[in-house]
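One structure below.
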Ligand SMILES: Nc1ncnc2c1ncn2[C@@H]1O[C@H](COP(=O)(O)OP(=O)(O)O)[C@@H](O)[C@H]1O
Ligand SMILES: [Mg+2]
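Chains as they are written, first to last, in the working numbering: chain A, 1 to 468; chain B, 1001 to 1248.
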């Protein structure tokens, strides 16, 4: 078959040669300064970045693996270098890509070339053109939208240096340190004061070179009075043999600015997703998180919003879907550290086929955050009796005049509701999927139409075959 | 002779291992309107559920035929696709799905192909107008936060849109004010005239029947049909209640 030959050719040319080159240090255990230095050199980092990486590595080697969440025993930390090197075992054959993933590509209607790229068997999918056009369009407004590597040396290099991993510091936890040492890929966005970006900007890191999308770094700065919607990720599962994702997202929302950051993450089901996301919001500014977490074997994901200026606001709208073999530990953290700040957490979690989904919400209202308001609403839906959904709320309130609300609901799919929908002609599968889609409506309503459709397809896919 | 739409033979139905219906024989032909009356707890809703295929209501004996085919073991969606419809006594709330998108997907599932949004909207608006429902209802979540009357109107809206050949209306008029009953009744009459299908109307109330021609009336007591008559039986029950049957 012609298509197959094409894949094999690309495969060899892109990966095999590199592999031969680097076989020399392949078996080294752990992550060494040499490996990090090598990576830094290949990436043509500025000097400060190379030092930053090495310092992060030291922190990484000192810190312990977190022990309070789902088990990450399946992560082979002794051979962490294999997760880092982009060429590691990446010469997968299309025939070795799990059937489940191929099916998902198929059903989501992802083009063949992109499938191969996502599955790590093909060359970089050519998204350059789309990306380039978008860049041109917003550049006219003075918006900078580029990949992280070019940002390090470009016109805004100083700004990047000033903000890079200042919000998420390498010392925050072991995987933040790892990220600091080996990050690669991702996006940089700067929106100048007063500029409203009309179209949502979308990141294409998922389509970058092999290995990217594992340690990508996103840095967004929305300057005073500016407005941006940024969308990251997509519903196609990203398949990597190396099964660790430790990305980092840092969002700076300046005075009276607004940033909406939407993600749909759908990692392949062997993935350990240890992602760190944080936003800091100045006076009168607003951050809106819209987050869909699908896929992965284990996830730790708790985007944090720091409300630093008076009247700053944060909203987190999220959904987590845990199926067979998945343990997804997600949540949101709101830190009020200025007066009259407002936060709202609205989440749904779904578990099925023995999946475990835990939602942790944390609201901290400091002494100085007078007259602040925080509301948390968490709902869980268990699709069968052997799946688990937990919500773990935490509140630390240090002012007397805070207005705090909390609501949690755990439910099962109602057989009567399924029958009701079936009595109108929907199959059992479709009826259940419809109820779940309706449950996920808090997120899909907030997404641009094409993403909402993708997410609904994804739910549909997760639901198919759930009936015995 | 008119074609037989629905036929049950010695239908026995249990809920949670308790037998509720003890052998019900019923025959509905195309174009006929049947009224089913009976005291609370007699098993009227149970009959509706069993006919529609609610898995909690188990047929332990007897059979159900629809358009000559046995459907006793069929799932609810198959029955719906075959042309059956049940207007629920207590319609369920499904948050996150709008009434209009739900009706559209139900129609598409039944006919097995996409419907053009434009055509759908036109038809929906027409039916909503007949039922004096504001257009904005279509954008509200299915039954979520609807008042009792709104839920019942939404059921009749679905009846008009899905256009089944047999409709079972379970106390669609209960708890409605006079105007709402009249509106709902207008919807049912429209269905009766347009489709000329079969109707089984479960009710305690004669008002919904005022403008509807009735062919048969059945009295269900303790899981059995104790008497079948014509439209005049409705009046009789209305005056004397079920006392006579309860003593028996
Ligand atoms: N889901 C159910 N679970 C338990 N008992 C039920 C259920 N549905 C109906 N029943 C019982 O079946 C009998 C008939 O109920 P129903 O069919 O609702 O009567 P009707 O509609 O005539 O008022 C009642 O005794 C009722 O308690
Ligand atoms: Mg009843």
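Even for Gly, the Cβ is constructed at its ideal location relative to N, Cα and C. Since we're looking at a predicted model, the values are computed, not measured.
Chain B within 8 Å of residue i, Cβ atoms only
| i | result |
| --- | --- |
| residue 75 of chain A | no |
| residue 209 of chain A | Confidence at residue 209 of chain A is low in this model, with a pLDDT of 42, below 50, so its placement is unreliable and no value can be given for it. |
| residue 430 of chain A | yes |
| residue 321 of chain A | no |
| residue 463 of chain A | no |
| residue 467 of chain A | Confidence at residue 467 of chain A is low in this model, with a pLDDT of 39, below 50, so its placement is unreliable and the value that follows should be read with caution. Output row for residue 467 of chain A: interface = no. |
| residue 345 of chain A | no |
| residue 434 of chain A | yes |
| residue 125 of chain A | Residue confidence is low: residue 125 of chain A scores 48 on pLDDT, short of 50, so the model does not pin down where it sits. No coordinate-derived value is stated. |
According to DSSP, residues forming a beta bridge with residue i
| i | result |
| --- | --- |
| residue 432 of chain A | BP columns for residue 432 of chain A are empty, so no partner. |
| residue 143 of chain A | Paired residue(s): none; residue 143 of chain A is not in a bridge. |
| residue 1018 of chain B | B:1015 |
| residue 346 of chain A | A:317 and A:377 |
| residue 1091 of chain B | Answer is none; residue 1091 of chain B lacks a bridge partner. |
| residue 336 of chain A | A:307 and A:365 |
| residue 1199 of chain B | B:1033 and B:1167 |
| residue 1113 of chain B | Note: residue 1113 of chain B sits in no beta bridge, so no partner. |
| residue 1009 of chain B | B:1063 |
| residue 1232 of chain B | In the DSSP output, where bridge partners are listed per residue, residue 1232 of chain B has none listed. |
| residue 331 of chain A | A:360 |
| residue 322 of chain A | A:351 |
Boundaries (first-last residue) of the beta strand (DSSP E) holding residue i
| i | result |
| --- | --- |
| residue 1167 of chain B | 1166 to 1170 |
| residue 404 of chain A | 403 to 412 |
| residue 1096 of chain B | 1094 to 1098 |
| residue 277 of chain A | 276 to 281 |
| residue 1056 of chain B | Run containing residue 1056 of chain B: none; DSSP gives neither H nor E here. |
| residue 417 of chain A | From DSSP, residue 417 of chain A is part of no beta strand (DSSP E) but of the alpha helix (DSSP H) over 415 to 422. |
| residue 392 of chain A | 388 to 397 |
| residue 227 of chain A | 227 to 232 |
8 Å Cβ cutoff met for residue i and residue j
| i | j | result |
| --- | --- | --- |
| residue 340 of chain A | residue 308 of chain A | no |
| residue 244 of chain A | residue 202 of chain A | no |
| residue 53 of chain A | residue 181 of chain A | yes |
| residue 216 of chain A | residue 263 of chain A | no |
| residue 462 of chain A | residue 318 of chain A | no |
| residue 1015 of chain B | residue 1056 of chain B | yes |
| residue 219 of chain A | residue 304 of chain A | no |
| residue 402 of chain A | residue 374 of chain A | yes |
| residue 387 of chain A | residue 351 of chain A | yes |
| residue 459 of chain A | residue 433 of chain A | yes |
| residue 1146 of chain B | residue 1139 of chain B | no |
| residue 1101 of chain B | residue 1169 of chain B | no |
| residue 246 of chain A | residue 274 of chain A | yes |
| residue 1062 of chain B | residue 1012 of chain B | yes |
Start and end residues, alpha helix (DSSP H) containing residue i
| i | result |
| --- | --- |
| residue 1179 of chain B | 1178 to 1195 |
| residue 459 of chain A | 449 to 463 |
| residue 60 of chain A | 47 to 62 |
| residue 519 of chain A | The question about residue 519 of chain A has no answer, for chain A in this structure spans 1 to 468. |
Within-8 Å CB hit, residue i to chain A
| i | result |
| --- | --- |
| residue 1052 of chain B | yes |
| residue 1014 of chain B | no |
| residue 1088 of chain B | yes |
| residue 1097 of chain B | yes |
| residue 1094 of chain B | yes |
| residue 1010 of chain B | no |
| residue 1213 of chain B | no |
| residue 1006 of chain B | no |
| residue 1018 of chain B | no |
| residue 1242 of chain B | no |
| residue 1245 of chain B | no |
Checklist entry - Residues in the stretch 1057 to 1082 of chain B with C-beta within 7 Å of chain A's C-beta atoms, listed in sequence order? => result Under the 7 Å Cβ criterion, the stretch 1057 to 1082 of chain B contributes 1075, 1076, 1077, 1080 and 1081.
Next on the checklist: Any C-beta of chain B within less than 8 Å: which residues of the stretch 416 to 427 of chain A qualify?
Outcome noted: For the stretch 416 to 427 of chain A, which is checked against every Cβ of chain B, the residues closer than 8 Å are 416, 417, 419, 420, 421, 422, 423, 424, 425, 426 and 427.
Checklist entry - Using a Cβ cut-off of 9 Å, which residues of the stretch 1025 to 1044 of chain B contact any Cβ in chain A, in chain order? => result Within the stretch 1025 to 1044 of chain B, no residue places its CB atom closer than 9 Å to a CB of chain A.
Item to check | Interface residues of the stretch 390 to 413 of chain A facing chain B [CB-CB below 9 Å] | outcome: If the cut-off is 9 Å between Cβ atoms, the stretch 390 to 413 of chain A has nothing near chain B.
Checklist entry - Name the residues in the stretch 1128 to 1162 of chain B whose C-beta lies less than 7 Å from a C-beta of chain A; which are they? => result For chain A, the residues of the stretch 1128 to 1162 of chain B that bring a beta carbon within less than 7 Å of one of its beta carbons are 1158 and 1162, in chain order.
Item to check | Within 8 Å of chain A by C-beta, residues of the stretch 1174 to 1186 of chain B in sequence order | outcome: Look at the stretch 1174 to 1186 of chain B: it has no residue with a C-beta under 8 Å from a C-beta of chain A.
Checklist entry - When you check each C-beta in the stretch 438 to 464 of chain A against every C-beta of chain B, which residues fall closer than 9 Å? => result Answer in chain order: 438, 439, 440, 441, 442, 444 and 445.
Checklist entry - Residues in the stretch 1106 to 1120 of chain B with C-beta within 7 Å of chain A's C-beta atoms, listed in sequence order? => result Those residues of the stretch 1106 to 1120 of chain B that come within reach of chain A (Cβ to Cβ, closer than 7 Å) are 1106, 1109 and 1110.
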